[in-house]
Amino acid sequence: MTLNAGVTTASDSSLILYSTTWCGYCRRLETQLKAAGIDYTKIDIEQDPAAADYVANVNGGNQTVPTVKFPDGSALTNPSLSQVKAKLGV
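Just so it is clear: in the sequence shown, position 14 is 14 by the UniProt record's numbering, and no numbers are missing.
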């Protein structure tokens with residue numbers, strides 16, 4: 001896991017987890033990703049306005065977390081671990 005302060009510095013080839021510190025669903029997904037050995041970059045949307053804008057853009061104007069951005073540029077909101085694995089092909 002990498003904590004990252006900026007959207008533009010996250011690798012285009014990495015899974016990006018947009019979250020907040022208080023989000024229980026985010027913590028659950030983080031725990032599951034770690035247990036599955038899936039690398040990701042975590043970005044707190046409350047600390048990064050560009051990340052907050054991205055999340056709102058892909059969620060119809062709502063800053064809904066967790067939002068996961070995949071290496072192919074697609075995104076899922078509050079996905080299950082099985083959805084993440086399926087999207088990654090693992």
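Yeah, the Cβ is synthetic: ideal placement off N, Cα and C, and Gly gets one too.
Note that the coordinates shown come from a computational prediction; the quantities given were computed from them, not determined experimentally.
Rounded separation between residue i and residue j - CA only
i          : j          : result
residue 79 : residue 53 : 20 Å
residue 3  : residue 87 : Because residue 3 sits at a pLDDT of 44, beneath the cut-off of 50, its placement in the model cannot be relied upon, and the following sentence gives the value as read from the coordinates. Cα to Cα, the separation comes out at about 22 Å.
residue 15 : residue 76 : 11 Å
residue 90 : residue 45 : 27 Å
residue 32 : residue 81 : 7 Å
residue 17 : residue 84 : 11 Å
Opposing strand residues paired with residue i [DSSP bridges]
i          : result
residue 76 : 68
residue 88 : Residue 88 pairs with nothing; no bridge assigned.
Cutoff 7 Å: residue i Cβ touching any chain D Cβ
i          : result
residue 34 : In the displayed structure, chain D is absent; only one protein chain is listed.
Please give the ranges of any beta strand (DSSP E) in the UniProt domain "Glutaredoxin" (16 to 68), keeping only runs that are unbroken, at least 3 residues long and fully inside the region. Segments of the beta strand (DSSP E) lying fully in the UniProt domain "Glutaredoxin" (16 to 68): 40 to 44.
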